[in-house]
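Chemist:
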Amino acid sequence: MLEQFETKQPIAYKIINNTLNKKHFAHAYLIETNGSDDGFVFALTLAKLILCPKDGQVNCDNCNQCQMIDNGNFPELKIINPDGNWIKKEQLIELQEEFKKKSLIGNKKIYIINKAEKLNINASNTILKFLEEPSEGIIAILITNNIYQLLETIISRCQIISLNGNNDFLNNKTTFEKIGQLLTVTKEEFEVFINDENKKNKISTILKFINYYEKNHKKVLLYMNEYWFNQFNDKESISQAILIIIYFYKDVLNYKINCPIEIFNDHIEEIKNIAELNSIDVLINKIKIYNENRQLLDYNANINLLMDRIIIKMEGV
Ligand SMILES: [Zn+2]
Numbered sequence: 440m441l442e443q444f445e446t447k448q449p450i451a452y453k454i455i456n457n458t459l460n461k462k463h464f465a466h467a468y469l470i471e472t473n474g475s476d477d478g479f480v481f482a483l484t485l486a487k488l489i490l491c492p493k494d495g496q497v498n499c500d501n502c503n504q505c506q507m508i509d510n511g512n513f514p515e516l517k518i519i520n521p522d523g524n525w526i527k528k529e530q531l532i533e534l535q536e537e538f539k540k541k542s543l544i545g546n547k548k549i550y551i552i553n554k555a556e557k558l559n560i561n562a563s564n565t566i567l568k569f570l571e572e573p574s575e576g577i578i579a580i581l582i583t584n585n586i587y588q589l590l591e592t593i594i595s596r597c598q599i600i601s602l603n604g605n606n607d608f609l610n611n612k613t614t615f616e617k618i619g620q621l622l623t624v625t626k627e628e629f630e631v632f633i634n635d636e637n638k639k640n641k642i643s644t645i646l647k648f649i650n651y652y653e654k655n656h657k658k659v660l661l662y663m664n665e666y667w668f669n670q671f672n673d674k675e676s677i678s679q680a681i682l683i684i685i686y687f688y689k690d691v692l693n694y695k696i697n698c699p700i701e702i703f704n705d706h707i708e709e710i711k712n713i714a715e716l717n718s719i720d721v722l723i724n725k726i727k728i729y730n731e732n733r734q735l736l737d738y739n740a741n742i743n744l745l746m747d748r749i750i751i752k753m754e755g756v
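Residues in the sequence shown are numbered from 440 upward in steps of one, following this note's numbering.
1) Is K493 near ligand 3, going by C-beta to nearest heavy atom under 7 Å?
2) If you follow the alpha helix (DSSP H) that L682 is part of, which residue opens it and which one closes it?
3) Going by DSSP, name the residue or residues bridged to Y468.
4) Given this structure, state the Cα-to-Cα distance separating I683 from E630, to the nearest angstrom.
5) Evaluate contact between the stretch 693-712 and the stretch 728-744, counting only Cβ atoms and requiring at least three cross-stretch pairs below 8 Å.
6) If you measure from the beta carbon of L744 to each beta carbon in chain C, is any gap under 8 Å?
7) Which residue marks the beginning of the beta strand (DSSP E) containing I552, and which one marks its end?
8) Is L558 helix, strand or coil when you go by DSSP?
9) How long is the line joining the alpha carbons of N559 and K461, rounded to whole angstroms?
10) Taking N553 and I519 to be in contact with their CB atoms under 8 Å, please state how far apart those CB atoms are, rounded to whole angstroms.
11) DSSP beta-bridge partners for K517?
12) Check this for me: beta carbons of V691 and I750, under 8 Å apart or not?
13) Using a threshold of 8 Å, state whether the C-beta atoms of I508 and K527 are closer than that.
14) Under a Cβ-count criterion, where at least 16 other Cβ atoms within 10 Å of its own Cβ denotes burial, should F608 be classed as buried or exposed?
15) For Y452, count neighbouring C-beta atoms within 10 Å of its own C-beta (all shown protein chains included) and say buried if the count is 16 or more, exposed if not.
16) Here's the rule: buried if 16 or more other CB atoms are within 10 angstroms of the residue's CB, otherwise exposed. What is K557?
17) Should the stretch 468-483 be regarded as contacting the stretch 587-605, the criterion being three or more beta carbon pairs within less than 8 Å?
18) Taking the C-alpha atoms as reference points, what is the distance between D720 and L441?
19) For E653, which option in I677, E591, F668 and I710 has the closest C-alpha, if you only look at C-alpha atoms?
20) What's the gap between the Cα of L722 and the Cα of I681?
21) Looking only at C-alpha atoms, which of E708, P521, L543 and C491 sits nearest to L581?
22) Can you find a heavy atom of ligand 1 that lies under 7 Å from the Cβ of C505?
23) Excluding sequence positions up to five away, which residues of its chain have a Cβ less than 8 Å from the Cβ of I549?
24) F615 by DSSP, collapsed to three states: which one?
25) Determine the direct distance from the alpha carbon of N724 to that of E627, and round the result to whole angstroms.
26) Give me the residue from N457, G511, F687 and P573 with the minimum Cα distance to V480.
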């Protein structure tokens, strides 16, 4: 029953409840366990909510179908576990063959991939293909205790449900640390900078810039004087401004994967808006591009061309 997670897994509980209210299920879910033991039971609960014919009744659990699911003999639910050390491509091909058959019961089919970090490279690519071309009525639920062993392209196609871990260390480990290797700036460095007395002003200029860029893309290049160079016109101020951008996108990423917002708690609406416009992959890529180009400032890069280069690179051309 979903209720069992209300206090233990409040965020995950809320996500599923919202989904049920909207009566709209994603094609793929990725349950990140963070060391919690709840992953599989949560996945099964989600599967029941999707498959139960009394849809919308959050705590059914006792109809024929729910009972078949609990007993492990519901034909439209397949569970894949590692075969030895790995989940292999053959297991997924077999699954695909079975799912080509017409449903015996209802019109939805679900597969749960337990320990998705054990997908070997061929299996990962096969799953990616499933996720890229989802079939009507087929829903994937992946469970992993290590999201960073999955392909970014798989992660970005799933709705992520991040569980509270039992392990305090993992629980406190924020996205910042997890993607920390991407960045050569430290949080301390950033905090020194945001003590600057003009910080509010700068942050608001930067958020305007980001907002304009996210909605208008390359067109922002026509307005760089207005959105950027009015305020950031020397190496040092540009370097700091890019740092703010990096940390802003990082908080968008935090929001997207249900991790705590670190710095921009006062700008949650902006974070939500930008999160809707970007996949996880794209956000990570933007952070990488800003970070690489910020480093170029140390090598006398032409500051007038730097932002052009960043925008063009982010536009993927
Ligand atoms: Zn039921």
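By construction, the Cβ of each residue, glycine as well, lies at the ideal position given by its N, Cα and C atoms.
All figures in this text were calculated on a predicted structure; none of them were measured in a lab.
Modeler: Reading it off the structure:
1) Ligand 3 is absent from the structure shown, which contains only ligand 1.
2) K674 to K695
3) I580 and Q598
4) 10 Å
5) no
6) Of the protein chains in this structure there is only one, and it is not chain C.
7) K548 to I552
8) strand
9) 35 Å
10) 7 Å
11) Y550
12) no
13) no
14) Only weak support is given to the placement of F608: the predicted model assigns it a pLDDT of 36, under 50, and the value that follows is read from those uncertain coordinates. Exposed, since its Cβ has fewer than 16 Cβ neighbours within 10 Å.
15) buried
16) buried
17) yes
18) 30 Å
19) I710
20) 15 Å
21) P521
22) yes
23) A486, I489, L490, E515, L516, K517, I577, I578, A579 and I580
24) Residue placement at F615 cannot be trusted, given a pLDDT of 48 that sits under 50; the coordinates are not used to answer.
25) 23 Å
26) G511
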